[in-house]
Amino acid sequence: MSLTSWLKKSFPVDDEALAEMSSEPIPNHLKKWWWALGGTPAYMFVVQLVTGFMLIFYYVPDPNQAYESVQHISESVSFGWLIRGVHRWSANIMIASLILHMMRVFFTKSYRAPRELNWMFGVILFVIMLVFGFTGYSLVYEQMSYWAMQVGTEIAGATPLIGPWLADFLKGGDMIGQNTLTRFYAFHVMILPVVSMMLIAVHVYLIRTLGVTDLRFKGEEKKDKKTFPFWPDHATTEFVMVSIIMLMLVILALVFPPHLGAPADPNNTPLHIKPEWYFYPVFRWLKITNLTWGVIGPMVFLVLLFFWPFVDRFFEKLFPKKDVAFWIGVIGALTITIFLVWETLAAH
Ligand code: HEM
């Protein structure tokens, strides 16, 4: 018996069902990469998992050894600098591409019925990816990570109603220390990956069952609507994009390797604390308000974002002729961009 026939017998696969599943028709506009941006965070997620698993072999989640273990990965382990660099850069590209994916879904109103729930799963995924970034940055245990943990847990402590409990849960005591690092590590390498894998599976399942929104472009008639098959057409485009992004990641890791600041020192508060760029808008907001409003503002924003498909429906009923959703989106995106640029340019 040949290996192929033995495999077919031991692992029966329904070829017809597989062919039907992979030849799903896709609206023509997804031929352009910027309309199919969801594939990029999906790929980045896989890169994060693979490089993250490699880093686990050398990283030590202990406040006295964490920093040295990251230094060891960056300076002594074969290709450690590359794996750490790709992990760091793909995290950044993942968040950037997620923001673009969300904006494309928002401005094309693809969150409307029956995709409201999938939008809500998407918002949860976005928050999870931010927490991934925050916990990952903390694991390095350099000065900036330590003080970002300090500020982050303080912000969590100011959450209405559950604040004190939340801060205590995250810190695992009165101070940032071993318990905090263990908890952040558990979230970063176990809880968040499992939860996000399940959510991505549900997200993709809903995309497959509900289909992608059939967008209508200017001058296009309904009868003009064309589709193309997922396999091999869309899969090939995605493969080309993935190869380009992979090359870009390696170049970025080579030219701009993640640097390592001074080791964490709980007795020495740095003059200027800066989080990762995707927290800049919230950080700037916190600086121009106070701790209470600093927490309430982003919370209101997230709740609004989460329920957006229903808020949009409400505005649509109230002002049927005016595209209120579009203008709220423009004002929201501009405000966030201004805060981001402001915090980037500000010395402190
Ligand atoms: C790890 C995170 C995510 C992954 C891997 C992902 C993946 C995808 C993919 C592959 C698609 C198919 C069409 C496209 O590429 O645009 C899609 C569509 C969609 N995504 Fe995501 N997505 C993620 C996060 C989000 C977020 C944060 C939101 C919004 C808050 C969102 C909302 C949606 C919606 C509503 C659709 C349907 C769009 C349509 O019908 O045209 N997704 N997503």
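Residue numbers (our numbering): 1 to 348.
Each residue gets a CB set at the ideal place from its N, CA and C atoms; glycine is no exception.
Check, Outcome
"Chain-order list of residues whose beta-carbon lies under 6 Å from that of residue 286 (same chain, five-residue window excluded)", "294"
"Range of the contiguous alpha helix (DSSP H) that encloses residue 176", "Neither: residue 176 is in no alpha helix (DSSP H) and is coded neither H nor E."
"Cross-strand partners of residue 349 (DSSP beta bridge)", "Missing from the structure shown is residue 349; the chain here goes from 1 to 348 and no further."
"Rounded separation between residue 337 and residue 344 - CA only", "10 Å"
"CB contact flag (residue 126, residue 94, <8 Å)", "no"
"Rounded separation between residue 205 and residue 211 - CA only", "10 Å"
"For residue 16 and residue 9, the rounded distance between their alpha carbons", "16 Å"
"CB contact flag (residue 133, residue 91, <8 Å)", "yes"
"Coil, strand or helix - residue 142 by DSSP", "strand"
"Buried versus exposed, by CB contacts within 10 Å (16 or more), residue 176", "buried"
"Cβ neighbours of residue 29 in the same chain (closer than 6 Å, five flanking residues each side left out)", "35, 215"
"Length at least 4, wholly inside the stretch 39-99: the alpha helix (DSSP H) runs in chain order", "39-56, 66-75"
"Alpha-carbon to alpha-carbon, residue 138 and residue 264", "10 Å"
"Contact under 8 Å by Cβ, residue 189 with residue 332", "no"
"Which residues DSSP lists as bridging residue 263, in chain order", "142"
"Residue burial classification, residue 220 (beta-carbon count within 10 angstroms, cutoff 16)", "exposed"
"For residue 268, three-class secondary structure by DSSP", "coil"
"Pair within 8 Å by beta-carbon distance, residue 67 and residue 141", "yes"
"Alpha carbon of residue 242 to alpha carbon of residue 217, nearest angstrom", "27 Å"
"Buried or exposed (CB count within 10 angstroms, at least 16 for buried), residue 404", "Residue numbering for the chain in the displayed model covers 1 to 348; residue 404 lies beyond these limits and cannot be assessed."
"Reduced DSSP category for residue 159 - H, G, I as helix; E, B as strand; rest coil", "coil"
"Residue span of the alpha helix (DSSP H) that contains residue 253, given as start and end", "235-255"
"Alpha-carbon spacing of residue 414 relative to residue 79, whole angstroms", "Residue 414 is absent from the structure shown; the chain starts at 1 and stops at 348."
"Residue 203 vs residue 310 beta-carbon contact at 8 Å", "no"
"Cβ shell of residue 163 (< 6 Å), same chain only, five flanking positions each side left out", "157"
"N- and C-terminal bounds of the alpha helix (DSSP H) containing residue 320", "Note, residue 320: premise wrong, no alpha helix (DSSP H); not H, not E."
"Heavy atom of the ligand HEM within 7 Å of residue 22 beta-carbon", "no"
"Own chain partners of residue 240 with C-beta closer than 7 Å, once the 5 adjacent residues on each side are dropped", "none"
"Distance cut 6 Å, beta-carbon to the ligand HEM heavy atom: residue list by chain order", "36, 37, 38, 39, 41, 42, 45, 98, 101, 102, 105, 110, 111, 115, 118, 119, 122, 123, 125, 126, 200, 203, 207, 212, 213"
"Assumed close pair residue 227, residue 63 - CB separation to whole angstroms, cut-off 8 Å", "That belief does not hold up - the Cβ atoms of residue 227 and residue 63 are roughly 55 Å apart, past 8 Å."
"Distance CB(residue 192)-CB(residue 131) smaller than 8 Å", "yes"
"N- and C-terminal bounds of the alpha helix (DSSP H) containing residue 9", "3-10"
"Straight-line Cα distance separating residue 7 from residue 251", "40 Å"
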